[in-house]
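*Asks:* Numbering (our numbering), first residue to last: 97 to 250.
#1: I'd like the span of the alpha helix (DSSP H) that includes residue 126, first residue to last.
#2: Would you mind working out which of 135, 237, 158 sits nearest residue 225, comparing C-alpha positions?
#3: Applying the criterion that 16 or more other CB atoms from any shown protein chain within 10 Å of the CB defines a buried residue, is residue 166 buried or exposed?
#4: Short of 7 Å in beta carbon distance, which residues of its chain neighbour residue 199, apart from the five on each side in sequence? Order them along the chain.
#5: Can you tell me where the alpha helix (DSSP H) with residue 203 in it begins and where it stops?
#6: Compare the Cα-Cα distances from residue 215 to each of 250, 244, 153, 184 and report the closest residue.
#7: Compare the beta carbon distance of residue 247 and residue 112 with 8 Å and say whether it is the shorter of the two.
#8: Hey, out of 150, 149, 163, whose CA is closest to residue 258's CA?
#9: Among residues of its own chain, excluding the 5 on either side of residue 194, which ones have a beta-carbon nearer than 7 Å to its beta-carbon?
#10: Under 8 Å, do residue 145 and residue 151 count as touching if we go by C-beta distance?
#11: Helix or strand or just coil, what does DSSP make of residue 240?
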């Protein structure tokens, strides 16, 4: 039973950023833009969130850094594709390659090339009374943090 709870909790936790990514892509698709660069935006946002949390010592600081970095990259993509009529496929692939490269370089410079582990404070879980006690389903679905509930609510 513990394995099933752990597996379900990990699956929900890992899928929440992808859920937010899909919601963003739905907005782009409804606007008529194919956004292949989503993975790059996710990578830059994740790195900026981590760097922001390390720098500020707060998960809220990390969230702010991540949102600003991802939104800035999305704005740049939108300007290139919509205003300057760049090909969205080529631009998205270039964005993914850029993001993979720049985040790796910045992470190495942030850690001075050492393999030390950096720890950051995270948002704590907000269990829903009564529902979080349901076996397997409760800990995974009803004990998420505020961002998890926000993602599902959107």
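Don't be surprised by glycine CBs; every beta carbon is placed ideally from N, CA and C.
*Replies:* Quick answer:
#1: First-last of the alpha helix (DSSP H) with residue 126: 98–126.
#2: Nearest Cα to residue 225 within the set 135, 237, 158: 237.
#3: Under this definition residue 166 is a buried residue.
#4: Residues 139, 140, 143 of the same chain have their beta carbon placed closer than 7 Å to that of residue 199, with the five preceding and five following residues left out of the count.
#5: Residue 203 -> alpha helix (DSSP H) spans 184–206.
#6: Distances from the CA of residue 215 to each of 250, 244, 153, 184 were compared; the closest alpha carbon is that of 153.
#7: Yes; because the gap between Cβ atoms is below 8 Å, this pair is in contact.
#8: No answer is possible for residue 258: it lies beyond the span of the chain, which begins at 97 and ends at 250.
#9: If we look at residue 194 and ignore the five residues flanking it on each side, its Cβ neighbours are 136.
#10: Between residue 145 and residue 151, the gap from beta carbon to beta carbon reaches 8 Å or more.
#11: For residue 240, the three-state secondary structure derived from DSSP is coil.
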